[in-house]
Structure formats: C-alpha cells, structure tokens
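Asks:
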Amino acid sequence: MARVRIPDNVAAVVMFRHRRTCCICNIPDRTVQIHHIDEDPSNNAIENLAVLCLECHNFTQISGGFGRKLGAAEVTLSRDDWVARVARAKEQADKLIVARMAGLPPEPVAGSGCSSSDNLRLIGHFEKGGFGSSGVEVKRPACGAASGGLR
Ligand SMILES: [Zn+2]
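Per this note's numbering, the very first residue in the sequence shown carries number 7; after that it's consecutive.
1) Less than 8 angstroms between C-beta atoms, sequence neighbours within five positions excluded: which residues of the same chain meet that for residue 76?
2) If you follow the beta strand (DSSP E) that residue 67 is in, where does it begin and where does it stop?
3) Is it true that the CB of residue 78 sits closer than 7 angstroms to the CB of residue 52?
4) Could you tell me whether any non-hydrogen atom of ligand 1 is closer than 6 angstroms to the CB of residue 40?
5) Would DSSP call residue 42 helix, strand or coil?
6) Mind reading off the beta-carbon distance from residue 58 to residue 39? Whole number of angstroms is fine, and I expect it under 8 angstroms.
7) Take the Cβ of residue 5 as the centre, count every other Cβ of all protein chains shown within 10 Å, and call the residue buried at 16 or more, exposed below.
8) Please classify residue 5: is it buried, with 16 or more other beta-carbons within 10 angstroms of its beta-carbon, or exposed?
9) Determine the closest residue to residue 49 out of 81, 35, 27 and 13, with distance taken between C-alpha atoms.
10) List the endpoints of the continuous alpha helix (DSSP H) containing residue 102.
11) Just to confirm, is the Cβ distance from residue 92 to residue 36 under 7 angstroms?
12) Helix, strand or coil for residue 10? Go by DSSP, reduced to three states.
13) Whole angstroms are fine: how far does the CA of residue 27 sit from the CA of residue 86?
14) What residue from 107, 9 and 16 has the CA that sits closest to residue 47's CA?
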C-alpha cells in the first residue's frame with residue numbers, strides 16, 4: 007500500500023513516548039525511525055507505530071536465512087514494555103525533583119528488588135538468632151550477587 011506520511015502530531019507523540027529511543031535495544035542516541043508494526047505504511051494509527059533504530063529495523067526486514075525475523079508480536083510487546091518503562095522513569099524523575107525541592111532525601115528506587123534496608127532487616131534476623139523460633143533455617147537468596155554468605 008502507498009506510504010502515507012505520518013502526521014507530525016502523531017510522530018511527536020510516538021517519539022515522546024519512546025523518549026526517541028529504540029524500543030528493541032533501548033540504546034540511547036541511535037538514529038531512529040518510526041516503524042509500521044503491521045508493515046502497512048498507510049496505517050498510521052498510534053498503536054501500529056514503534057520507534058526502532060536502523061539496526062533493529064533491519065531485523066524486521068529479514069526474509070529467509072538464519073536470522074530470526076523480528077515480527078509484529080515481538081515489536082508490539084517490546085514497544086508496550088518500553089513505553090511503560092519510559093513513563094515510570096519520568097514519574098520517578100518527577101518524584102526526585104519534588105523531593106529535592108522539598109529538601110527531602112531521595113527515596114530508594116521502587117522495584118529494584120534489592121534495597122539496602124532489606125539487607126539490614128536480613129542482618130537483624132541473623133543477629134537475633136535466625137528466622138523465627140522453630141529453628142528452621144529460612145533460605146533467602148542474596149540479591150543477585152554470590153549468595154554464599156547466607157548458606
Ligand atoms: Zn535498536
């Protein structure tokens with residue numbers, strides 16, 4: 007189908023939501039373009055558009071060979087995930103700015119799964135003689151790193 011120029015206001019929204027960053031590799035400052043997920047260049051509906059860098063865009067064009075083509079479903083999943091992450095990052099940044107203006111210490115980043123207060127709580131449990139009174143050792147993996155110290 008004939009390519010229809012993506013309206014400027016639509017392109018602006020798409021670029022803004024992606025922070026002008028490829029939703030597949032998330033590498034900043036790459037040259038990006040707006041990809042039509044269903045490969046119909048006349049379908050400029052926002053849900054059909056995703057920001058891809060030129061390299062990742064190439065993976066949507068593969069036909070045959072050994073490389074696995076980057077298909078519509080995968081692009082959509084990556085797009086939705088990336089757009090949500092960008093939105094969350096903006097929210098976090100807003101909170102930091104508000105906290106700074108109010109003179110408050112910054113809150114730990116939510117969802118990092120490994121806050122220092124968690125570790126302190128863990129240490130407290132061990133100092134009191136382990137978890138609970140049953141004597142059963144509760145194994146809890148240390149955050150990401152080598153967990154040898156807890157075994
Ligand atoms: Zn990319």
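Glycine included, every Cβ here is placed at the ideal spot set by N, Cα and C. From a predicted model like this one, the values you see are computed outputs, not experimental measurements.
Replies: For this structure:
1) Start at 1 with the first residue of the sequence shown, and residue 76 comes out as number 70. Answer for residue 76: 30, 62, 65, 66 and 68, listed in chain order.
2) Position 61 of the sequence shown, counted from the start, is the residue given in the question as residue 67. It is not in any beta strand (DSSP E) - residue 67 carries neither H nor E in the DSSP assignment.
3) Looking up residue 52 in the sequence shown gives position 46. Looking up residue 78 in the sequence shown gives position 72. No; because the gap between Cβ atoms is not below 7 angstroms, this pair is not in contact.
4) Reading the sequence shown from its first residue, position 34 is the one you call residue 40. Answer for residue 40: no, Cβ out of range of ligand 1.
5) The residue labelled residue 42 in the question sits at position 36 within the sequence shown. Three-state result, residue 42: strand.
6) The residue labelled residue 58 in the question sits at position 52 within the sequence shown. The residue labelled residue 39 in the question sits at position 33 within the sequence shown. At roughly 6 angstroms, the Cβ-Cβ gap stays under 8 angstroms, so residue 58 and residue 39 are in contact.
7) Here the chain comprises residues numbered 7 to 157, so residue 5 is not present and cannot be evaluated.
8) Outside the shown range of the chain, which is 7 to 157, sits residue 5, and nothing can be said about it.
9) Working through the sequence shown from its first residue, we reach residue 49 at position 43. The residue with the shortest Cα to Cα distance from residue 49 is 13.
10) Along the sequence shown, one-based indexing puts residue 102 at 96. Run containing residue 102: 78-107, per the alpha helix (DSSP H) assignment.
11) In the sequence shown, counting from the first residue as 1, residue 92 sits at position 86. In the sequence shown, counting from the first residue as 1, residue 36 sits at position 30. It is not a contact, given that the beta carbons lie outside the stated cut-off.
12) Taking the first residue of the sequence shown as 1, we reach residue 10 at position 4. In this structure, residue 10 counts as coil in the three-state DSSP scheme.
13) On the sequence shown, position 80 is the one that residue 86 refers to. On the sequence shown, position 21 is the one that residue 27 refers to. Between residue 86 and residue 27, the C-alpha separation is close to 13 angstroms.
14) Stepping through the sequence shown from its first residue, residue 47 is reached at position 41. Per the Cα distances, 9.
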